[in-house]
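Please read the structure below before turning to the comments.
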Amino acid sequence: MKKKFVFIFTAIMLCLAFALSACGETRGDNNKDDDTPTDTLTFERDEAGEGYIVTGDKGEAANIVIPAAHESLPVVGIADSAFAYSKHTSDILSVVIPDSVVEIGKNAFHNQDALVSVKIGTDSQLQKIGNNAFSGNSSLQSIYLPAGFSELGDDVFNNCGGLNSITVAAGNTHYSGAGNCLIDLTTHTLLRGSNQSVIPEAVTKIGVAAFRRATMTTLTIPTSVTFIDKYAISDSAITKVVYKGTSTEWENVVAASSPYWNMGNENVEIVCSDAKDPSHILVAYFSCTNHTEGIAEKIAAVTGGTLYEIVPQEPYTAADLDYGTDCRANREQSNPSSRPQIEGSISDMGTFDVVFLGYPIWWGEAPKIIYTFLESYDFSGKTIIPFCTSGSSPIGSSATNLHSLAEGATWLEGARFSSGASQNAVGEWVDSLGLAAK
Ligand SMILES: Cc1cc2nc3c(=O)[nH]c(=O)nc-3n(C[C@H](O)[C@H](O)[C@H](O)COP(=O)(O)O)c2cc1C
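Remember, this note's numbering sits 90 above the position in the sequence shown when you count from 1.
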C-alpha cells in the first residue's frame, strides 16, 4: 500500500515538474532541448518545505541551467550568494532560471562579470530579487522581469554597465521597462539604465548608480527629472549629458541632487536646450579708442564667439580722429567711394553663421572700413547683428545703410551702447536676440 502511494505521488510530482518546465511560451526559450539541467547543482529544501532552493554548483559549470524541479518538488529559489564569484570562482557565462523560481537571494550572482545571459521566461513566477544579486555583472546584456515581479532589492544591477535591454512585462504594476530603463512606478525613480535608454518624461528621479559603468557616451535627461542620486553616471563612458531644459533649470536640478551624482565623471559636458555652439559665432569689431572693443569683448564673453578686430592697414592717429578738424576720418566719411584697407583677413569665414559687427559712430554712420569689411566676404546665409558705441548718437540708419553691402545676409536690428555698458546689459541684449541654439 505504502509502495503504491509513493509510486502515485512520484508520478504526480514528475507530471507537475514536466508541466512546470513545459508550460507556455517563455521569453528566454527556457524549455529548449539544449537547456539540459546542470547536473552538478546543489539543493536544500526551502523553509516552507514546498520545494527546493538551489544553493550552488559543485561542478563550477560555465553555463548553468537550473531545473524546474528537483526530486519531484519545484525549485522555488536561488540561495543567497549561490553563484557569487566569491563562491563559484570560475566564470559563469549564462544561466537559465526556470519559471518555478520565485525568489533570487542576495548576492546570488554577485561579481560574475563574464555572465552575459540570464534567461527568465515570460511565465516566470519570479517575485523577488535580493540586494546585489546581479551587481558587478558588467557583461550582462539584458534583463527581463515578469508580470508578477514586485520586490527588487538594493543595488541589484549595480555596475551592470553592459546592459543594452531592459524589459518588464506589460502587466507589472510595480516596475516598468519603458525606454529601456528599469523604473519604480511608485517613486518614478529610474533604478537602472541601459546603454539604449531613452529616459521617459515620467521619470522624476535618477537613482543611485543608475548608469554606473554604462558604455554609452551621451545621456539625455528630460525636464521631468528633478533629482539625480549619487554615482548616477560614475565610472561610465558618459562624456555628455544633454538636458532638455534650460541652463537655469539644470542649475536647479544640480542644486537639488546629490553632489556625488557625477563622481569620477566631473568633467562631463552639459548641453542644455538654450546652449549655443560658440564655434559658429564671430564677433568682429573696429575700434580706435577701445570703447567698441570693450563691448565686443562682453559679447564674446556671453556668447563664447570668436573675437576678431578689424585692423586698418594704416592706423588712425589722434589727429586722424580729431573730428573737429578736416581730419582723415572726416574726409573718409564724406567720400562715398572711400574703402580704407584692412590688415589681414579671416581665412575660415565659412565656419561662422552669426556675425556680431561692431563699430564707433562717425558722423551718424559706420566708419568706411566697415564697408571694406562687408565687401571682403560672402555673407549670404549668415546672420549679421550690428552694434556700436557713440558719444550720444543712436545706431540709427548707420546699420540699415550697411544692408546693401551684404544682401544675402539676414540683418538683425542693432544696438547702441555707451562705452561703460555693463556685462549684464550686454548679456541681456544678446539673450533678447533669441539666437537659435546650435
Ligand atoms: C570721426 C568721428 C566722428 C564721430 N561722430 C560721432 C557722432 O556722430 N555721434 C556721436 O555720438 N559720437 C560720435 N563720435 C564719437 C565716437 O562715436 C565715440 O567716441 C565712440 O565710442 C568711439 O568708439 P571707439 O573707441 O571704439 O573708436 C565720433 C568720433 C569720431 C572719431
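Cβ coordinates follow ideal geometry from the N, Cα and C atoms, glycine included.
DSSP state of Y265 mapped onto helix, strand, coil: Y265: strand per DSSP, three-state reduction.
Inter-residue spacing [alpha-carbon to alpha-carbon] between K122 and S184: Legend: pLDDT at K122 = 41, less than 50; position of this residue unreliable, value from coordinates given subsequently. In this model, K122 and S184 are separated by some 14 Å (Cα to Cα).
Cβ shell of S437 (< 8 Å), same chain only, five flanking positions each side left out: Take S437, set aside five residues on each side of it, and no residue of its chain has a beta-carbon closer than 8 Å to its own.
Closer than 8 Å: G454 CB and nearest ligand 1 heavy atom: Flag set: Cβ of G454 near ligand 1.
Short Cβ contact (9 Å threshold) for G269 with I289: In contact: G269 and I289 (Cβ atoms closer than 9 Å).
Ordered list of alpha helix (DSSP H) runs contained in the segment 319-351, each at least 4 residues: Whole alpha helix (DSSP H) segments, 4+ residues: 337-346.
8 Å Cβ shell around D245 - same chain, five flanking residues per side excluded: N221, N222, S225, V298, A299.
F97 (DSSP reduced to helix, strand or coil): Note that F97 scores 40 on pLDDT, short of 50, meaning its location in the model is unreliable; the coordinates nonetheless yield the value given after this. F97 falls in the helix class under three-state DSSP.
In DSSP terms, what W501 is bridged to: The partner list for W501 (beta bridge, DSSP) reads I474.
Three-state class that DSSP yields for L495 in the structure shown: If DSSP states are grouped into helix, strand and coil, L495 belongs with the helices.
Helix, strand or coil at E518 [DSSP, three-state]: Correct three-state label for E518: helix.
Q403: CB within 8 Å of a non-hydrogen atom of ligand 1: Using a cutoff of 8 Å, the CB of Q403 does not count as near ligand 1, since none of the ligand's heavy atoms is closer than that.
Which of helix, strand or coil DSSP assigns to I182: Shown here, I182 sits in coil according to DSSP, grouped into three states, outside any helix or strand.
T462 and I485 closer than 9 Å at C-beta: With contacts defined by Cβ atoms closer than 9 Å, T462 and I485 do not form a contacting pair.
Ligand 1 heavy atom lying under 8 Å from the CB of A419: Checking the Cβ of A419 against ligand 1 gives yes.
Distance cut-off 8 Å: S424 Cβ against heavy atoms of ligand 1: Because no heavy atom of ligand 1 lies under 8 Å away, the Cβ of S424 does not count as near it: no.
Among P127, L492, T336, the one whose alpha carbon lies nearest that of D521: The candidate whose alpha carbon is nearest that of D521 is T336.
Contact test: E383 Cβ vs ligand 1 heavy atom, cutoff 8 Å: Relative to ligand 1, the nearest heavy atom lies less than 8 Å away from the CB of E383.
Secondary structure, beta strand (DSSP E): runs of 3+ residues fully inside the segment 387-425: DSSP assignment within the segment 387-425 yields the following whole beta strand (DSSP E) runs of 3 residues or more, N-terminal first: 396-399.
Chain-order list of residues whose beta-carbon lies under 7 Å from that of S125 (same chain, five-residue window excluded): Going by the sequence as given, residue 125 is Asp instead of Ser. Taken in chain order, the residues that qualify are V155, V186.
Among P368, K458, P476, nearest to T441 - alpha-carbon criterion: Closest by alpha carbon: P368.
Contact check, I360 vs V331, beta carbons under 9 Å: Yes, the pair counts as a contact, with Cβ atoms nearer than the cut-off.
Contact check, F477 vs A345, beta carbons under 9 Å: No, Cβ-Cβ distance for F477 and A345 is not below 9 Å.
Residue burial classification, K209 (beta-carbon count within 10 angstroms, cutoff 16): With 16 or more Cβ atoms within 10 Å of its Cβ, K209 is classed as buried.
Exposed unless 16 or more other CB atoms sit within 10 angstroms - verdict on Y413: By the Cβ neighbour-count rule, Y413 is exposed, with fewer than 16 other Cβ atoms within 10 Å of its own.
L131 - partner residues in DSSP beta bridges: L131 is bridged by DSSP to D147.
Proximity of T473 and V516 at Cβ, strictly below 9 Å: No, they are not a contact pair.
Beta-carbon proximity of V358 to T329, cut-off 9 Å: Taking 9 Å as the Cβ cut-off, V358 and T329 qualify as a contacting pair.
Host beta strand (DSSP E) of E359 (start-end): Segment 359-361, the beta strand (DSSP E) holding E359.
Y175 in three-state terms, based on DSSP: The answer is coil: DSSP assigns Y175 none of H, G, I, E or B.
Selected residue, minimal CA-CA separation from G238, among H160, G504, N201, D189: Of H160, G504, N201, D189, the smallest CA-CA separation from G238 is found for D189.
Ligand 1 heavy atom lying under 8 Å from the CB of I459: Every heavy atom of ligand 1 is 8 Å or more from the Cβ of I459, so no.
Proximity winner among N285, S466, P450, I311, relative to T279 (alpha-carbon distances): Of N285, S466, P450, I311, the residue nearest in Cα terms is I311.
Three-state class that DSSP yields for Y461 in the structure shown: Here Y461 sits in helix by DSSP.
Same chain, Cβ closer than 6 Å to H160, neighbours up to 5 away in sequence not counted: If we look at H160 and ignore the five residues flanking it on each side, its Cβ neighbours are F133, Y142.
Enclosing beta strand (DSSP E) for A489 [first to last residue]: Taken as a continuous stretch (DSSP letters only), A489 belongs to no beta strand (DSSP E), being part of the alpha helix (DSSP H) at 486-490.
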